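Participant:
Number of protein chains: 2
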Amino acid sequence: MSVTAAQGFVAAGIAAGIKASGAPDLSLVATADGRPVPSAGVFTRNKMTAAPVITTRAHLEATGGHSVAVVLNSGNANAATGDAGLAHARTMCAAVAAELSIEPEQVLVCSTGLIGIPMPIATIEAGIPGVVAALSHDGGEAAATAIMTTDTHAKLVVIEGDGFTVGGMAKGAAMLSPNMATMLAVLTTDAEATPEQLKAALVAGVADSFNVLDVDGCTSTNDTVLLFASGLAGPVDQHVLESSVAAACRSLAEQMCGDAEGATKVVRFTVTGAADDAQALIGARYVSRSNLVKCSWYGCDPYWGRIASDLGSCGIDFDPATFSVSYGGVTVCQGAIDADHDDTAVAAHMAGRHLEIVADLGLGSGRATILTNDLSHAYIDENMGTS
Amino acid sequence: MSVTAAQGFVAAGIAAGIKASGAPDLSLVATADGRPVPSAGVFTRNKMTAAPVITTRAHLEATGGHSVAVVLNSGNANAATGDAGLAHARTMCAAVAAELSIEPEQVLVCSTGLIGIPMPIATIEAGIPGVVAALSHDGGEAAATAIMTTDTHAKLVVIEGDGFTVGGMAKGAAMLSPNMATMLAVLTTDAEATPEQLKAALVAGVADSFNVLDVDGCTSTNDTVLLFASGLAGPVDQHVLESSVAAACRSLAEQMCGDAEGATKVVRFTVTGAADDAQALIGARYVSRSNLVKCSWYGCDPYWGRIASDLGSCGIDFDPATFSVSYGGVTVCQGAIDADHDDTAVAAHMAGRHLEIVADLGLGSGRATILTNDLSHAYIDENMGTS
Chain G
1 MSVTAAQGFV
11 AAGIAAGIKA
21 SGAPDLSLVA
31 TADGRPVPSA
41 GVFTRNKMTA
51 APVITTRAHL
61 EATGGHSVAV
71 VLNSGNANAA
81 TGDAGLAHAR
91 TMCAAVAAEL
101 SIEPEQVLVC
111 STGLIGIPMP
121 IATIEAGIPG
131 VVAALSHDGG
141 EAAATAIMTT
151 DTHAKLVVIE
161 GDGFTVGGMA
171 KGAAMLSPNM
181 ATMLAVLTTD
191 AEATPEQLKA
201 ALVAGVADSF
211 NVLDVDGCTS
221 TNDTVLLFAS
231 GLAGPVDQHV
241 LESSVAAACR
251 SLAEQMCGDA
261 EGATKVVRFT
271 VTGAADDAQA
281 LIGARYVSRS
291 NLVKCSWYGC
301 DPYWGRIASD
311 LGSCGIDFDP
321 ATFSVSYGGV
331 TVCQGAIDAD
341 HDDTAVAAHM
351 AGRHLEIVAD
361 LGLGSGRATI
371 LTNDLSHAYI
381 DENMGTS
Chain C
1 MSVTAAQGFV
11 AAGIAAGIKA
21 SGAPDLSLVA
31 TADGRPVPSA
41 GVFTRNKMTA
51 APVITTRAHL
61 EATGGHSVAV
71 VLNSGNANAA
81 TGDAGLAHAR
91 TMCAAVAAEL
101 SIEPEQVLVC
111 STGLIGIPMP
121 IATIEAGIPG
131 VVAALSHDGG
141 EAAATAIMTT
151 DTHAKLVVIE
161 GDGFTVGGMA
171 KGAAMLSPNM
181 ATMLAVLTTD
191 AEATPEQLKA
201 ALVAGVADSF
211 NVLDVDGCTS
221 TNDTVLLFAS
231 GLAGPVDQHV
241 LESSVAAACR
251 SLAEQMCGDA
261 EGATKVVRFT
271 VTGAADDAQA
281 LIGARYVSRS
291 NLVKCSWYGC
301 DPYWGRIASD
311 LGSCGIDFDP
321 ATFSVSYGGV
331 TVCQGAIDAD
341 HDDTAVAAHM
351 AGRHLEIVAD
361 LGLGSGRATI
371 LTNDLSHAYI
381 DENMGTS
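Residue numbers (the UniProt record's numbering), protein chains in the order written: chain G, 1 to 387; chain C, 1 to 387.
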């Protein structure tokens, strides 16, 4: 179901021939009746912005946030493709619009795949009538499958609110998926909301989910999260809507983290006791990007010395005397020296798939959590070549 | 020769039993006549400062930069060891001082190895008479060998100035050497210079060598670079001294980069055309820490799209329209789109051990180079466990 769980949406995913493997690579999500509905998006802050991001932003602005559909392809990111890439992104929207008898600006576009390779636009154009013809209420899973790249499974979510539904699909995570370099997510709801309300819900939801996901520190050129609202379930309290959107975003972010390339661990790494939340976030992100720490997680090694070293060198306030670390709730270090603890309990926690690690700076009330993973041989295998 | 190449210095390295393997693990460098000479140091900026760093800083301050010797051990970093660690660092200096009949403050100390493990201080104390007895003009290589941890070879340098010599030894690189977590370097010269002149030469030399080396972004708790001057070769122009010290530092930094854990490539990554040098450095360091980029180097893949994406997202001024990348002098991307180029020449460059990559932002005159390497399976093998 995913993006078609909420009333008023249809979707499809087909193999259009963009991927040499013949795997599904072209998706479409649209309103069931072909009418524009309130919609909103949040996008990568990478200045190396991909053509579909530029195009989708412009289309949302042109319509005041009223869209009919989003067309998505995997197998090519249409990034670093210059003016030709921009023309191709617009062509994709125009081709869908022609099939649906709507305006090109009412169609949004997302791409994911290799950077710097010209789009096979003739192949995509040839595929569009087929994906439009395949649109159905049952097409959510096919749409989610056709945006996969190195993902090993489709990422779907359905959150049932009080009288309304939020559904969604996503692929990848940060720029951890090297052969397409993107994370994309499309959410739909049948709640009634303005584009501004959707944007507010999206910004809040993303802050606590995708934006705290850090697999390899690489921000993609194509990151896009979209939210469409059919309104068929009627008005909803804004806080309730935001809470459901946030829950959907969190679920998709956790699915991405668990399916990140080569990941054997899903790690919630929290910094507490920082001078303020901003410092906690700097520290949490720094440790989450530390290859030495990530390798020790892969080896199930509770080597807190590397965490201490990273937090001491990342530029935030730090005092060894008040520093402690716990793994799965067991304190292993206190005052930056080894604390008496139950080695067996720590080893059991480290052997599991889900790690909960808290570093307490003991300085203030600042706190931040990053959702991350380990660094394994398989990550290198996936990323050492593009062919 | 290394640290004993300059007139007036002796050194030794022995196996004291700190390492379970029985490999050499205790080094000493001293003036040949046992008298204090001008000396200076630069140290890690990690706030999780190790006990030997705190002790060496205090001793240099107490003597106004006049030291006789430095004792170094591998196999244990004496970091995150609390008050006991500080007492152990002082004990090491006092034990050497007793053997040499000098003051404890005239002895400096460096340690490298695992973080958070109490020092086997009785073993070290028992070894000190032996390493003092072994001091000789021929002991430079033995001293360099006994500070190795995951290094595969000793790192030595001799720079012949006009009538004077700078010699040195080093181990590790940044915090890429996980089982000891440190880089250490000791330089000696027979030039006559004050502690202030030595400090100036060291700060300048380090800026362009160790401080532009970035293997894994992890700053160690123990980084220390020391310089001793016997004065036996007489006074030297400060600029000439600085130039020789800088050359010695560059050589040792390049040796570290080439011997970094798992490294198959030594990469000079340069950002030019940045708004200013500071922005160039941010960009160069960001790319050098990017696992996606490092994996592509390991795979000999000139995937410039990842470099473009990193530079676009690292917060510096960036415009795709003026962006270009070259590998070994061959421009592969111009205006952030693929440039016609000689694929064979690029493939030949990528297949080599030394890569020269330049990313030109085309915005200003800012420039910075980082010396870095690739990310391979062997890095993970080295770092996934401490045992």
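Ideal placement from N, C-alpha and C gives every residue a C-beta, glycine not left out.
Keep in mind it's a predicted model, so treat the numbers as computed, not measured.
Cβ closer than 8 Å: which chain C residues qualify as neighbours of Lys19/G?
Facilitator: Along the first sequence, read from residue 1 onward, the residue named residue 19/G stands at position 19. Neighbours of Lys19/G on chain C: none; closest Cβ ~18 Å, over 8 Å.
Participant: Given this structure, state the Cα-to-Cα distance separating Ser143/C from Ala12/C, to the nearest angstrom.
Facilitator: Taking the first residue of the second sequence as 1, we reach residue 143/C at position 143. Taking the first residue of the second sequence as 1, we reach residue 12/C at position 12. At residue 143/C the sequence reads Ala, which differs from the Ser that was named. Near 5 Å, if we compare the C-alpha coordinates of Ala12/C and Ala143/C.
Participant: Does the pairing of the region 90-106 of chain C with the region 300-317 of chain G give three or more beta-carbon distances under 8 Å?
Facilitator: no
Participant: Between Gly328/C, Gly139/C, Gly168/C, Trp297/C, which lies nearest to residue 406/C when the distance is taken from Cα to Cα?
Facilitator: As shown, chain C starts at 1 and ends at 387. That puts residue 406/C outside it, with no answer to give.
Participant: Taking DSSP's pairing of strands, which residues face Ser111/G in a bridge?
Facilitator: Here residue 111/G refers to the residue found at position 111 of the first sequence. In the DSSP secondary-structure assignment, Ser111/G is bridged to Asn73/G.
Participant: Measure the Cβ-Cβ separation of Ala154/G and Ala284/G and say whether it is below 7 Å.
Facilitator: Within the first sequence, residue 154/G is the residue found at index 154, counting from 1. Within the first sequence, residue 284/G is the residue found at index 284, counting from 1. No. Outside cutoff.
Participant: Using three-state DSSP, classify Phe323/C as helix, strand or coil.
Facilitator: Position 323 of the second sequence, counting from 1, holds the residue named residue 323/C. DSSP places Phe323/C in coil when its eight states are reduced to three.
Participant: DSSP on Ala146/C, reduced to helix/strand/coil?
Facilitator: Here the question's residue 146/C lines up with position 146 in the second sequence. Correct three-state label for Ala146/C: coil.
Participant: Expressed to the nearest angstrom, what Euclidean distance is found between the alpha-carbon atoms of Val293/G and Tyr303/G?
Facilitator: Start at 1 with the first residue of the first sequence, and residue 293/G comes out as number 293. Start at 1 with the first residue of the first sequence, and residue 303/G comes out as number 303. The straight-line gap from Cα to Cα measures roughly 8 Å.
Participant: Measure the CB-CB distance between Ala339/G and Val332/G and report whether it falls below 7 Å.
Facilitator: Here residue 339/G refers to the residue found at position 339 when the first sequence is read from its first residue. Here residue 332/G refers to the residue found at position 332 when the first sequence is read from its first residue. The answer is yes: Cβ separation under 7 Å.
Participant: How many Å lie between Gly205/G and Val245/G at the Cα?
Facilitator: As a working mapping, residue 205/G is identified with position 205 in the first sequence. As a working mapping, residue 245/G is identified with position 245 in the first sequence. The alpha-carbon atoms of Gly205/G and Val245/G are separated by roughly 6 Å.
Participant: Looking at the unbroken beta strand (DSSP E) that takes in Met350/G, where does it start and where does it end?
Facilitator: Counting from 1 along the first sequence, the entry for residue 350/G is found at position 350. Here Met350/G belongs to no beta strand (DSSP E); instead the alpha helix (DSSP H) covers 343-351.
Participant: Spatial neighbours of Val166/C within its chain, please: CB distance less than 7 Å, with the 5 preceding and 5 following residues excluded, ordered by chain position.
Facilitator: Stepping through the second sequence from its first residue, residue 166/C is reached at position 166. Cβ neighbours of Val166/C beyond the five flanking positions: Ala6, Ile159, Leu187, Thr189, Ser244, Val245, Ala248.
Participant: Given Ile370/C, which residues of its chain have a CB within under 6 Å of its CB, disregarding the five upstream and five downstream residues?
Facilitator: Start at 1 with the first residue of the second sequence, and residue 370/C comes out as number 370. So the qualifying residues of the chain are Val212, Asp214, Phe269, Ala284, Arg285, Ser288.
Participant: Tell me, which residues are paired with Asp360/G by DSSP?
Facilitator: As a working note, residue 360/G is residue 360 in the first sequence. Thr272/G, Ser324/G.
Participant: Taking the beta carbon of Pro129/C as the centre, do at least 16 other beta carbons fall within 10 Å, making it buried, or is it exposed?
Facilitator: Locating residue 129/C in the second sequence gives position 129, counting from the first residue. Answer is exposed; the Cβ neighbour count stays below 16.
Participant: From Trp297/G, Thr194/G, Gly113/G, pick the residue whose C-alpha is nearest to that of Asp223/G; which is it?
Facilitator: On the first sequence, residue 223/G is found 223 positions in, with the first residue counted as 1. When each option's Cα is compared against that of Asp223/G, the closest is Gly113/G.
Participant: Checking the sheet assignment: what are the DSSP bridge partners for Phe228/G?
Facilitator: Counted from its first residue, the first sequence places residue 228/G at position 228. Per DSSP, the beta bridge partners of Phe228/G are Ser39/G, Thr188/G.
Participant: Under the rule that 16 or more other beta-carbon atoms within 10 Å means buried, what is Ile18/G, buried or exposed?
Facilitator: The residue you call residue 18/G lines up with position 18 of the first sequence. By the 10 Å Cβ count, Ile18/G comes out buried.
Participant: Looking at chain G, which residues of the region 276-304 of chain C have a Cβ within less than 9 Å of any of its Cβ atoms?
Facilitator: Tyr286, Arg289, Ser290, Asn291, Leu292, Val293, Lys294, Cys295, Ser296, Trp297, Tyr298, Gly299, Cys300, Asp301, Tyr303, Trp304
Participant: Cα separation between Ala308/G and Val358/G?
Facilitator: Along the first sequence, read from residue 1 onward, the residue named residue 308/G stands at position 308. Along the first sequence, read from residue 1 onward, the residue named residue 358/G stands at position 358. Near 11 Å, if we compare the C-alpha coordinates of Val358/G and Ala308/G.
Participant: Comparing the C-beta of Gly116/G with each C-beta of chain C, is any distance below 7 Å?
Facilitator: The sequence position of residue 116/G within the first sequence is 116, counting from 1. Chain C, which has a Cβ nearer than 7 Å to the Cβ of Gly116/G, makes this yes.
Participant: If you pair each beta-carbon of the region 352-366 of chain C with each one of the region 265-279 of chain C, do three or more pairs fall below 8 Å?
Facilitator: Counting Cβ pairs under 8 Å, three or more are found: they touch.
Participant: To the nearest angstrom, report how far apart Arg57/C and Ala185/C are at their CA atoms.
Facilitator: As a working note, residue 57/C is residue 57 in the second sequence. As a working note, residue 185/C is residue 185 in the second sequence. So the alpha carbons of these two residues sit roughly 15 Å apart.
Participant: Buried or exposed, going by whether 16 or more other CB atoms sit within 10 Å of the CB of Pro178/C?
Facilitator: Within the second sequence, residue 178/C is the residue found at index 178, counting from 1. Because the pLDDT of Pro178/C is 31, which lies under 50, any placement of that residue in the model is unreliable, and the question is left without a value.
Participant: Along chain C, which residues have their Cβ under 9 Å away from the Cβ of Gly335/G?
Facilitator: If you number the first sequence from 1, residue 335/G lands on position 335. Neighbourhood of Gly335/G in chain C, by CB distance below 9 Å: Gly82, in chain order.
Participant: Do we get a CB-CB distance below 7 Å when we pair Asp343/G with the residues of chain C?
Facilitator: As a working note, residue 343/G is residue 343 in the first sequence. No - not a single Cβ of chain C is within 7 Å of the one on Asp343/G.
Participant: Would Thr331/G pass as an interface residue toward chain C - the criterion being a Cβ-Cβ separation below 7 Å?
Facilitator: The count along the first sequence starts at 1 and reaches residue 331/G at position 331. Chain C, which has no Cβ nearer than 7 Å to the Cβ of Thr331/G, makes this no.
Participant: Quick check on Ile380/C: does DSSP put it in helix, strand or coil?
Facilitator: Working through the second sequence from its first residue, we reach residue 380/C at position 380. Helix at Ile380/C.
Participant: To the nearest angstrom, how far is it from the Cα of Glu119/C to the Cα of Asn76/C?
Facilitator: Along the second sequence, one-based indexing puts residue 119/C at 119. Along the second sequence, one-based indexing puts residue 76/C at 76. Correcting the residue type first, residue 119/C is Met in the shown sequence and not Glu. Taking the straight line from one Cα to the other gives about 6 Å.
Participant: With a cut-off of 7 Å, does the C-beta of Asp216/C fall near any C-beta of chain G?
Facilitator: Position 216 of the second sequence, counted from the first residue, corresponds to residue 216/C. True, the Cβ-Cβ gap to chain G drops below 7 Å.
Participant: Could you work out which residue in Gly364/C, His341/C, Phe323/C, Val236/C is closest to Gly82/G when comparing CA atoms only?
Facilitator: Walking along the first sequence from the start, residue 82/G turns up at place 82. When only C-alpha atoms are compared, the closest one is Phe323/C.
Participant: Give the single residue among Lys171/C, Gly163/C, Ala134/C, Asp162/C whose Cα lies nearest to the Cα of Met148/C.
Facilitator: As a working note, residue 148/C is residue 148 in the second sequence. For Met148/C, the closest alpha carbon among the candidates Lys171/C, Gly163/C, Ala134/C, Asp162/C is that of Lys171/C.
Participant: Counting only Cβ-Cβ distances shorter than 9 Å, please list the residues of the region 109-141 of chain G near chain C, keeping chain order.
Facilitator: Leu114, Ile115, Gly116, Ile117, Pro118
Participant: 7 Å is my cut-off, CB to CB: does Asn211/G come that close to chain C?
Facilitator: Here residue 211/G refers to the residue found at position 211 when the first sequence is read from its first residue. No, Asn211/G lies away from the interface with chain C (no Cβ there is under 7 Å from its Cβ).
Participant: Can you tell me which of the three DSSP states Phe9/G falls into?
Facilitator: Here the question's residue 9/G lines up with position 9 in the first sequence. Strand, per DSSP.
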